[in-house]
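Q: Pasting a structure below so you can have a look.
2 protein chains.
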Amino acid sequence: MTAQMIHNLRSDASDNRARILAAARAAFAADGLDVPVREIARRAQVSAATVYRRFPTKEALFTEAFAEQLTLCSSIVEEGFAAADPWHGLSLVVEKLLEANARDRGMRTLLSRLSQTVDFTADRRRTLRMVLDLIRRAKDAGDLRPDIVLEDIVLAIMANDGIQADSPGTRAAASRRFAALMLQSFRANPVPAPLPPAVRLLPAP
Amino acid sequence: MTAQMIHNLRSDASDNRARILAAARAAFAADGLDVPVREIARRAQVSAATVYRRFPTKEALFTEAFAEQLTLCSSIVEEGFAAADPWHGLSLVVEKLLEANARDRGMRTLLSRLSQTVDFTADRRRTLRMVLDLIRRAKDAGDLRPDIVLEDIVLAIMANDGIQADSPGTRAAASRRFAALMLQSFRANPVPAPLPPAVRLLPAP
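Same order as they appear, the protein sequences are chains A and B.
Mapping to our numbering: the first sequence position 115 is 115, numbers consecutive.
Mapping to our numbering: the second sequence position 43 is 1043, numbers consecutive.
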């Protein structure tokens, strides 16, 4: 085998890998985690065997396809977890997750499919445990309502998904306002805090 | 022309009308208000001329296609507007619109396309004016934050759209909790009020 042939094989392999990951992202976004691996292979125009050779499980394929988003998620939660004030830490997590979710389609897929990800990896379990600990500490500090639970943060992330606007800038501004409103609703003994500006989403009557 | 022939013509006409309205609902849901009338005609398998004969403008077609939802919308707003306490009236409007939005796909189309409905009919203008008046009165009573605007209610409706769940029952319960959280965030000098139960949207870590 010549150096050129080896180079070509390697470059085919890397094309395949990129094509499989792009097909997986599109398929997970459209059809959720139930999409069969053979359907992802079909979209990537490779055989199912080729997909399984590179990604032994659907979970492994999902984790690779959303590697960037999973890393961002973990780093946002780590930053919030490390904050001295748990309420500020939790606010930071909600604000940054909603911002990332508004900006990135991959993040929307990842977060909106969380409820289907039954088989969490160790890393994702660790991230979730950090959020749960932050919730507990913010309650102990008297800043978070005692009846707010992890599901309310999931609810905020999902709801953030429904916001539509004419431009990415308006979309981001609407999400900032929405995050501030959600956090306001989470507060124990709330004092009305200033909100980011409202966003025009509707023509005047 | 025999009575039978007249009967057949009438029944064709009513089939056409139902087909056009069903096609319009599907097209507006998928593609928004920009969808061309000729595309709706194509989906309904009639000529564009047939559509225009029955519905002279796209606005008229939209209003007919979502007649039921528009009526429900108006009646919810009228009920809230008539409440003695403006905060209760506004809460009722938010809760009932979000509930209807969660239950009915047509309502989701209507409400999510509100921002594109440039040419409001007199009836819709009246409904919007009632909401604006309710907002003003709830602020005057000291119950609604002075910085909450109509767009925040639109934001709540849009966000409600992003909530996903495994069953209609869970979806409705999640929406009830979400509406209560949004209302909590709208309150001036809020006292934490009890929330409807949280909904499991995510497997335990």
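From the three backbone atoms N, C-alpha and C, an ideal C-beta is built for every residue, glycine too.
In chain B, what lies closer than 9 Å to residue 198 of chain A by C-beta?
A: The answer, in chain order, is 1147, 1148, 1149, 1150, 1151, 1152, 1155.
Q: Can you tell me whether residue 1018 of chain B is buried or exposed, with buried defined as 16 or more other CB within 10 angstroms of its CB?
A: Label assigned to residue 1018 of chain B: exposed.
Q: Chain A partners of residue 1090 of chain B, CB-CB under 8 Å?
A: Those within 8 Å of residue 1090 of chain B in chain A number zero; the least Cβ separation is about 15 Å.
Q: Can you give the beta carbon distance from residue 248 of chain A to residue 1158 of chain B, rounded, assuming they're within the 8 Å contact cut?
A: Examination of residue 248 of chain A is not possible in this model, given that chain A is present from 1 through 205 alone.
Q: Are the Cβ atoms of residue 1041 of chain B and residue 1048 of chain B separated by less than 7 Å?
A: Result yes, Cβ atoms of residue 1041 of chain B and residue 1048 of chain B sit closer than 7 Å.
Q: Can you check which of these residues, B:1102, B:1137, B:1179, B:1185, is closest to residue 1165 of chain B by C-alpha distance?
A: Of the candidates B:1102, B:1137, B:1179, B:1185, the one whose C-alpha sits nearest the C-alpha of residue 1165 of chain B is B:1102.
Q: Against chain B, does residue 167 of chain A count as a neighbour if the rule is that its beta carbon must be under 7 Å from one of theirs?
A: Judged by the 7 Å Cβ criterion, residue 167 of chain A is not in contact with chain B.
Q: Around the Cβ of residue 1189 of chain B, are there at least 16 other Cβ atoms within 10 angstroms (buried) or fewer (exposed)?
A: Label assigned to residue 1189 of chain B: exposed.
Q: So the candidates are A:21, A:200, A:56; which of them puts its Cα closest to the Cα of residue 167 of chain A?
A: Measuring from the Cα of residue 167 of chain A, the nearest candidate turns out to be A:200.
Q: Mind listing the chain A neighbours of residue 1161 of chain B? Cutoff is C-beta to C-beta under 9 Å, in chain order.
A: In chain order: 159, 161, 162, 163, 164.
Q: Are any of the Cβ atoms in chain A nearer than 7 Å to that of residue 1178 of chain B?
A: Yes, because at least one Cβ of chain A sits closer than 7 Å to the Cβ of residue 1178 of chain B.
Q: Note down, in chain order, each residue of its chain lying with its Cβ closer than 7 Å to the Cβ of residue 87 of chain A, except the 5 sequence neighbours on either side.
A: Correct list, in chain order: 138, 141, 143, 144.
Q: Alpha carbon to alpha carbon, what distance is there between residue 196 of chain A and residue 185 of chain A?
A: So the two alpha carbons sit approximately 15 Å from each other.
Q: When you compare the CB positions of residue 1198 of chain B and residue 151 of chain A, do they come within less than 7 Å of one another, or not?
A: Contact flag set, yes.
Q: From which residue to which residue does the alpha helix (DSSP H) around residue 1036 of chain B run?
A: Residue 1036 of chain B -> no alpha helix (DSSP H), and no H or E assigned at all.
Q: Can the beta-carbon of residue 37 of chain A be found less than 7 Å from the beta-carbon of residue 51 of chain A?
A: The answer is yes: Cβ separation under 7 Å.
Q: DSSP three-state label for residue 19 of chain A, please.
A: Three-state result, residue 19 of chain A: helix.
Q: Does DSSP put residue 200 of chain A in a helix, in a strand, or in coil?
A: Looking at residue 200 of chain A - three-state DSSP - the assignment turns out to be coil, as it is neither helix nor strand.
Q: For residue 66 of chain A, tell me which candidate among A:108, A:14, A:76, A:8 has the shortest Cα-Cα distance.
A: The residue with the shortest Cα to Cα distance from residue 66 of chain A is A:108.
Q: Given a threshold of 16 other Cβ atoms within 10 Å of its Cβ, counted over all protein chains shown, does residue 1095 of chain B qualify as buried or as exposed?
A: Buried, since its Cβ has 16 or more Cβ neighbours within 10 Å.
Q: To the nearest angstrom, how far is it from the Cα of residue 1132 of chain B to the Cα of residue 1148 of chain B?
A: Taking the straight line from one Cα to the other gives about 11 Å.
Q: Roughly how many angstroms separate the alpha carbons of residue 1043 of chain B and residue 73 of chain A, rounded to a whole number?
A: If you take the alpha carbons of residue 1043 of chain B and residue 73 of chain A, they lie about 43 Å apart.
Q: From the DSSP output, which residues share a beta bridge with residue 1144 of chain B?
A: B:1187.
Q: Please identify the residue among A:80, A:100, A:99 whose C-alpha is closest to the C-alpha of residue 91 of chain A.
A: Nearest option by C-alpha distance: A:80.
Q: Residues in the segment 1059-1086 of chain B with C-beta within 8 Å of chain A's C-beta atoms, listed in sequence order?
A: Here the close residues number zero.
Q: Can you check whether the C-beta of residue 1045 of chain B is within less than 7 Å of a C-beta belonging to chain A?
A: So no, residue 1045 of chain B is outside the interface.
Q: Keeping to the same chain, check which residues put their C-beta closer than 6 Å to that of residue 69 of chain A; ignore five residues upstream and five downstream.
A: The answer, listed in chain order, is 106, 107, 110.
Q: Measure the CB-CB distance between residue 1098 of chain B and residue 1175 of chain B and report whether it falls below 7 Å.
A: Going by C-beta atoms, residue 1098 of chain B is nearer than 7 Å to residue 1175 of chain B.
Q: Output, in chain order, the set of chain B residues within a Cβ distance shorter than 9 Å of residue 14 of chain A.
A: Those within 9 Å of residue 14 of chain A in chain B number zero; the least Cβ separation is about 35 Å.
Q: What residue range is occupied by the uninterrupted alpha helix (DSSP H) comprising residue 156 of chain A?
A: Residues 150-160.
Q: What is the DSSP secondary structure of residue 50 of chain A, counted as helix, strand or coil?
A: In the structure shown, residue 50 of chain A sits in a helix (DSSP, three-state: H, G or I).
Q: Provide the residue span of the alpha helix (DSSP H) that contains residue 86 of chain A, from first to last.
A: 86-103 is the extent of the alpha helix (DSSP H) around residue 86 of chain A.
Q: Hey, is residue 110 of chain A's beta-carbon within less than 7 Å of any beta-carbon in chain B?
A: It does not; no Cβ of chain B falls within 7 Å.
Q: Would residue 77 of chain A be called buried (16 or more neighbouring beta carbons within 10 Å of its own) or exposed?
A: So residue 77 of chain A counts as buried.
Q: In three-state terms, what does DSSP make of residue 1006 of chain B?
A: It is helical.
Q: At the level of alpha carbons, what is the spacing between residue 1161 of chain B and residue 122 of chain A?
A: Straight-line Cα distance between these residues: approximately 32 Å.
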